[in-house]
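Okay, structure first, notes after.
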Amino acid sequence: MFSDNKKGKGPALTNQQNRISQGTTLKGDVTSEGGFRIDGVIEGNITAPNKIVVGKTGVVTGTIICNDADVEGKIVGRLEIKNLLSIKTSAHIEGEVITGKLAVEPGATFNASCEMKGNLKSLSNAKGKGERSA
1 MFSDNKKGKG PALTNQQNRI SQGTTLKGDV TSEGGFRIDG VIEGNITAPN KIVVGKTGVV
61 TGTIICNDAD VEGKIVGRLE IKNLLSIKTS AHIEGEVITG KLAVEPGATF NASCEMKGNL
121 KSLSNAKGKG ERSA
């Protein structure tokens, strides 16, 4: 009777989304296996392998490390986004950005140094493969 519940039927943590609601302030570092939606304030670093969304009322001061991010709110600090960073019209970003792909909507404030990593990796791998076969 109880053994059926123990056989891999627990919740999949990577599919769950964490939420910091408007009116909430969190000070400290956050690490999660799930995604994040931030509508409140975080003063610290956030690390998550999935997508992080900073809503219009969201404010992050610190470092964000994730695969994908959508930004509508304010970020002051460093962003390390493996794949796509999407910056919406209402976004305000200051600091340093390292990303694979970047999409910026007209009207967004983007006062940051930006380093694109995705294409460099692909070119390095292609060059290395070509040298081996020659």
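Those letters in the sequence shown? Residues 1 to 134, by full-length UniProt numbering.
Glycine included, C-beta positions come from ideal geometry on N, C-alpha and C.
- What separation, rounded to the nearest whole angstrom, lies between the Cα atoms of M116 and Q17? Here residue 116 corresponds to residue number 116 of the sequence shown, with the count starting at 1. Here residue 17 corresponds to residue number 17 of the sequence shown, with the count starting at 1. Whole-angstrom Cα-Cα distance: 27 angstroms.
- Between the C-alpha atoms of I87 and D70, what's the straight-line distance to the nearest angstrom? In the sequence shown, counting from the first residue as 1, residue 87 sits at position 87. In the sequence shown, counting from the first residue as 1, residue 70 sits at position 70. Roughly 6 angstroms separates the two Cα atoms.
- State yes or no: is the C-beta of I93 nearer than 7 angstroms to some heavy atom of the ligand FAD? As for the ligand FAD, it is missing from this structure, which has no ligand bound.
- If we count the other Cβ atoms within 10 Å of its Cβ and call it buried at 16 or more, is G107 buried or exposed? Numbered from 1 along the sequence shown, position 107 holds the residue referred to as residue 107. So G107 ends up on the exposed side.
- Taking the DSSP output, what are the residues bridged to N111? Here residue 111 is taken as the residue at index 111 of the sequence shown, counted from 1. In DSSP, N111 forms a bridge with E94.
- Kindly indicate which residue of E33, N50, I20 and I38 has the alpha-carbon position closest to the one of I81. On the sequence shown, residue 81 is found 81 positions in, with the first residue counted as 1. For the residues E33, N50, I20 and I38, the minimum Cα distance to I81 belongs to N50.
- Three-state secondary structure assigned by DSSP to N50: Taking the sequence shown and counting its residues from 1, one reaches residue 50 at position 50. Residue state, collapsed to three classes: coil.
- Starting from the C-beta of E105, find all residues in its chain whose C-beta is less than 6 angstroms away, skip the five residues before and the five after it, and write them out in chain order. The sequence position of residue 105 within the sequence shown is 105, counting from 1. Within the same chain, E105 has close Cβ partners K88 and T89.
- Task: State the DSSP-derived secondary structure class of Q22, mapped to helix, strand or coil.
- Result: Indexing the sequence shown from 1 puts residue 22 at position 22. Looking at Q22 - three-state DSSP - the assignment turns out to be coil, as it is neither helix nor strand.
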